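Participant: For the sequence shown, the numbering used here assigns the number 547 to the initial residue and increments by one for each residue that follows. Sharing a structure here in structure tokens format.
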Amino acid sequence: MENPVQSLRQNYTLFCYDTITASTGITFWHTLVQRQYSNNPMGDMSKLHQHAIREELSDDFHTDGMNLLRDLVNQNSYTLNTDGVNLAQEIVSHKLAELGLEVEHYPLCDPNEPRGNIITASSPLSKQNDGKGDVILSFHSDTVHHPDSPFKTLRLKDSNTLEGPGAYDMKASLVSAYLATRLLKKYDLLDNLPLRMIINSAEENSSEQSREMIRKLAFGANRALVFEFGRGDNVIVTERYGFKKFIATAKGQSAHVREYAEGVNAIEEIAQLTLQLKALREAYPDSIINQGKIRGGSDTLNRVPDFAELRWEMRAASRELLDELTSQTMAADQSMDERAEITICEEKFISPMESSPATQELFQNYTQAGALAGVTFSAAPKREHGLSDGNILSTVPLSHDQSKTIPVIDALGANGYGAHTEKESVYIDSIIERTHALVAYLAEYELRS
Ligand SMILES: [Zn+2]
């Protein structure tokens, strides 16, 4: 049987060589559009063909993608509504399976932190190669919108804006995954792509088990594209802060207030620690330290309180800085009264997503593909303070060089506004545009590899 890649390369030689510079990977994408629209008249070929592809994606969105988005948004998938998340996962995985991707379910069984099933959808080549050298496309189907919220359904707000819970973050990206796969399949490009989609069930409220599973499912890949919601200025995120969560408990000594000196006031000890953390944040202006919850004492105000607790979160751009802040925090653990006992525990750690030369290369390639699809991407001017599955994927070792980790780029989803609010909305033209950029990247990637 004819190998479509070889056939495309022949087409390239026959039709494209004189009009396109062969030195960039983008030329292969021109090959795809050349084959697709080889009857088009002379002129600015690439612009003409990209225009036709955009039209096709637009038609696909309006005939099918919009319905898929409605089904996904109208199905509540608040992270802790595990039945709802599983139903949303079924809606999208059914569509992907119809296109020939192999869908697999990974239940998260920890009874202490119940979450929906994580899903992967893999191309035939990915299965054949056991995932080696895959490109990961990372999504999540869960949202922050509680089933009791009155914000429940997708509605057309104006001719280009769709409003609904999770529409922007990030159910529109699941629609992009479907539309891109469908177009690639139509032009015989899907089977030869080393493609693995990972659809998380618990991005908005991850668990130890979900994070570990994402890492495991990405193993063997050599790059990852994360489809968190797009930014209005079309920036691609290549670096994100990491974080740690801490809990400190102070144990003092209870006493009646008339014998105050016999007591040790635990609230004062925790208040002192709170101020030490404020000083630490001021000493490291690039860090974020947020004392989020404090509790302790009792309603009996004539007793010296013997218990207080503080919980806080710390964010920083590098592992080194997080480690430095941690050791400074532990050093700050000096009780004012030597009879008091303060214990500090690290509750949770998520590594920063750091950039490497491979990340920059991936960024360049995606930007180039974007340019071809008419999207002008640029690098985010500063590191994102927020986290995503990009943080987790960026800790996956490269299978051929375990001293390095896979490059990850993020915020590749459609533009909109109001993520995590009841005004959450996504722009239709942006869904189509970002899908086009993804198709351009994947078509180019397949033919180059
Ligand atoms: Zn998200």
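Where a beta carbon is used, it is the ideal one built from N, C-alpha and C, also for glycine. Quick caveat, the model's predicted, so the values are computed rather than measured.
Mind checking Thr567: buried by the 16 CB within 10 Å criterion, or exposed?
Facilitator: Mapped onto the sequence shown, residue 567 falls at position 21. At Thr567, the pLDDT of 31 sits below 50, so the modelled position is not reliable and the matter cannot be decided from this model.
Participant: Is the stretch 627 to 634 touching the stretch 654 to 671, taking contact as three or more C-beta pairs under 8 Å?
Facilitator: Touching, yes, given that three or more Cβ pairs across the two stretches are closer than 8 Å.
Participant: Compute the Euclidean distance between the alpha carbons of Asp832 and Glu815, then round it to the nearest angstrom.
Facilitator: The residue given as residue 832 occupies position 286 in the sequence shown. The residue given as residue 815 occupies position 269 in the sequence shown. Their backbone Cα atoms lie some 27 Å apart in a straight line.
Participant: Using the C-alpha atoms, what's the distance from His597 back to Arg857?
Facilitator: To locate residue 857, count along the sequence shown from 1; it is residue 311. To locate residue 597, count along the sequence shown from 1; it is residue 51. In a straight line, the C-alpha of Arg857 is about 53 Å away from that of His597.
Participant: Please classify His595: does DSSP put it in a helix, a strand, or coil?
Facilitator: Numbered from its first residue, the sequence shown carries residue 595 at position 49. Looking at His595 - three-state DSSP - the assignment turns out to be helix.
Participant: Mind checking His686: buried by the 16 CB within 10 Å criterion, or exposed?
Facilitator: Start at 1 with the first residue of the sequence shown, and residue 686 comes out as number 140. Its Cβ being crowded by 16 or more others within 10 Å, His686 is buried.
Participant: Buried or exposed, going by whether 16 or more other CB atoms sit within 10 Å of the CB of Val803?
Facilitator: To locate residue 803, count along the sequence shown from 1; it is residue 257. Exposed, by the Cβ-count rule.
Participant: Would you mind giving the Cβ-Cβ distance between Arg742 and Asp680, rounded to the nearest angstrom? I have them listed as a contact below 8 Å.
Facilitator: Locating residue 742 in the sequence shown gives position 196, counting from the first residue. Locating residue 680 in the sequence shown gives position 134, counting from the first residue. 4 Å between Cβ atoms; contact.
Participant: Might you give, ordered along the chain, the residues of its own chain that have their beta carbon closer than 6 Å to the beta carbon of Gln874, omitting 5 neighbours on each side?
Facilitator: Taking the first residue of the sequence shown as 1, we reach residue 874 at position 328. Contacts found: Leu826.
Participant: Is the beta carbon of Asp852 within less than 8 Å of some heavy atom of ligand 1?
Facilitator: On the sequence shown, position 306 is the one that residue 852 refers to. For ligand 1, not one heavy atom lies less than 8 Å from the Cβ of Asp852.
Participant: How is Pro711 classed by DSSP in three states: helix, strand or coil?
Facilitator: Position 165 of the sequence shown, counting from 1, holds the residue named residue 711. Here Pro711 sits in coil by DSSP.
Participant: Taking only the alpha-carbon atoms, compute the straight-line gap between Phe607 and Lys717 and give it to the nearest angstrom.
Facilitator: For this step, residue 607 is matched to residue 61 along the sequence shown. For this step, residue 717 is matched to residue 171 along the sequence shown. So the alpha carbons of these two residues sit roughly 14 Å apart.
Participant: For Met759, does the three-state DSSP call read helix, strand or coil?
Facilitator: What you label residue 759 is simply residue 213 of the sequence shown in a count that begins at 1. Correct three-state label for Met759: helix.
Participant: Taking 8 Å as the cut-off, is the C-beta of Glu601 nearer than that to any heavy atom in ligand 1?
Facilitator: Numbered from its first residue, the sequence shown carries residue 601 at position 55. No.
Participant: What is the DSSP secondary structure of Leu859, reduced to helix, strand or coil?
Facilitator: Sequence index remark: in the sequence shown, residue 859 carries index 313 (1-based). In the sequence on display, residue 859 carries Glu and not Leu. Strand at Glu859.
Participant: Buried or exposed for Ser584, please, with buried defined as at least 16 other CB atoms from any protein chain shown within 10 angstroms of its CB.
Facilitator: Translated into positions along the sequence shown, residue 584 becomes position 38. Note that Ser584 has pLDDT 43, beneath the 50 cutoff, so the model's placement of it is unreliable and the number below is only indicative. Label assigned to Ser584: exposed.
Participant: Report the CB separation of Ile782 from Ala925 in whole angstroms; it is logged as a contact under 8 Å.
Facilitator: As a position in the sequence shown, residue 782 is number 236, starting the count at 1. As a position in the sequence shown, residue 925 is number 379, starting the count at 1. Yes, Ile782 and Ala925 are in contact; Cβ-Cβ is about 6 Å, under 8 Å.
Participant: Of the residues Asn780, Asp852, Ile955, Gln837, which one's Cα is nearest the Cα of Asn811?
Facilitator: In the sequence shown, residue 811 corresponds to position 265, counting from 1. The shortest Cα separation from Asn811 among Asn780, Asp852, Ile955, Gln837 belongs to Asp852.
Participant: So, at 7 Å on beta carbons, what are the nonlocal neighbours of Thr941 in its own chain, with the 5 sequence-adjacent residues on each side left out?
Facilitator: As a first step, residue 941 is located in the sequence shown; it is residue number 395 there, counting from the start. Excluding positions up to five away in sequence, the list reads Arg761, Ser897, Thr951.
Participant: Could you tell me how far apart the beta carbons of Ser669 and Glu968 are, in whole angstroms, since I believe they sit closer than 8 Å?
Facilitator: As a position in the sequence shown, residue 669 is number 123, starting the count at 1. As a position in the sequence shown, residue 968 is number 422, starting the count at 1. Incorrect: roughly 37 Å between the Cβ atoms, too far for contact.
Participant: In this structure, how does DSSP classify Pro903 when only helix, strand and coil are distinguished?
Facilitator: The residue you call residue 903 lines up with position 357 of the sequence shown. Residue state, collapsed to three classes: helix.
Participant: What does the Cβ neighbour count give for Asp935, buried or exposed, with the cut at 16 atoms within 10 Å?
Facilitator: Here the question's residue 935 lines up with position 389 in the sequence shown. With 16 or more Cβ atoms within 10 Å of its Cβ, Asp935 is classed as buried.
Participant: State the DSSP-derived secondary structure class of Arg701, mapped to helix, strand or coil.
Facilitator: One-based indexing of the sequence shown puts residue 701 at position 155. Strand at Arg701.
Participant: Opposite His686 in the DSSP bridges: which residues?
Facilitator: The residue given as residue 686 occupies position 140 in the sequence shown. Looking at the DSSP assignment, His686 forms a beta bridge with Asn746.
Participant: Considering Cα atoms alone, identify which of Asn613, Asn746, Leu720 is closest to Thr628.
Facilitator: The residue given as residue 628 occupies position 82 in the sequence shown. Taking only the C-alpha atoms, the option nearest Thr628 is Asn746.
Participant: Would you tell me roughly how many angstroms separate the C-alpha atoms of Val690 and Tyr806, rounded to the nearest one?
Facilitator: Numbered from its first residue, the sequence shown carries residue 690 at position 144. Numbered from its first residue, the sequence shown carries residue 806 at position 260. Distance between the alpha carbons of Val690 and Tyr806: 47 Å.
Participant: Please give me, in chain order, every unbroken run of the beta strand (DSSP E) with length at least 3 that falls completely inside the stretch 929 to 994.
Facilitator: Counting only runs of 3 or more, we get 947 to 951, 971 to 973.
Participant: From Ser976 to Glu709, what distance separates their C-alpha atoms?
Facilitator: Position 430 of the sequence shown holds residue 976. Position 163 of the sequence shown holds residue 709. If I take the Cα positions, the gap works out to 14 Å.
Participant: I'd like to check one pair, Asn738 with Ser945: are the Cβ atoms closer than 9 Å?
Facilitator: For this step, residue 945 is matched to residue 399 along the sequence shown. For this step, residue 738 is matched to residue 192 along the sequence shown. Against a cut-off of 9 Å, the Cβ pair of Asn738 and Ser945 comes out as no contact.
Participant: Can you find the residues in the same chain that come closer than 6 Å, C-beta to C-beta, to Lys731, ignoring five residues on each side of it along the sequence?
Facilitator: Position 185 of the sequence shown, counting from 1, holds the residue named residue 731. Contacts found: Leu645.
Participant: Would you kindly work out how many angstroms separate the C-alpha atoms of Ala989 and Tyr733, rounded to a whole number?
Facilitator: Reading the sequence shown from its first residue, position 443 is the one you call residue 989. Reading the sequence shown from its first residue, position 187 is the one you call residue 733. Cα-Cα distance, rounded: 10 Å.
Participant: Less than 8 Å between the CB atoms is what I'm expecting for Glu887 and Phe792, so what's the real figure, rounded?
Facilitator: Counting from 1 along the sequence shown, the entry for residue 887 is found at position 341. Counting from 1 along the sequence shown, the entry for residue 792 is found at position 246. Wrong, their Cβ atoms sit about 16 Å apart, outside the cutoff.
Participant: Taking 8 Å as the cut-off, is the beta-carbon of His686 closer than that to any non-hydrogen atom of ligand 1?
Facilitator: Within the sequence shown, numbered from 1, the residue matching residue 686 stands at position 140. It does: the Cβ of His686 is within 8 Å (strictly closer) of some heavy atom of ligand 1.
Participant: Can you tell me whether Glu930 sits near ligand 1, meaning its C-beta is under 8 Å from at least one heavy atom of the ligand?
Facilitator: Translated into positions along the sequence shown, residue 930 becomes position 384. No - ligand 1 has no heavy atom lying nearer than 8 Å to the Cβ of Glu930.
Participant: Do the CB positions of Leu908 and Val850 come within less than 9 Å of each other?
Facilitator: Translated into the one-based positions of the sequence shown, residue 908 becomes position 362. Translated into the one-based positions of the sequence shown, residue 850 becomes position 304. Contact flag unset, no.
Participant: Roughly how many angstroms separate the alpha carbons of Ser864 and Leu918, rounded to a whole number?
Facilitator: Here the question's residue 864 lines up with position 318 in the sequence shown. Here the question's residue 918 lines up with position 372 in the sequence shown. Whole-angstrom Cα-Cα distance: 34 Å.
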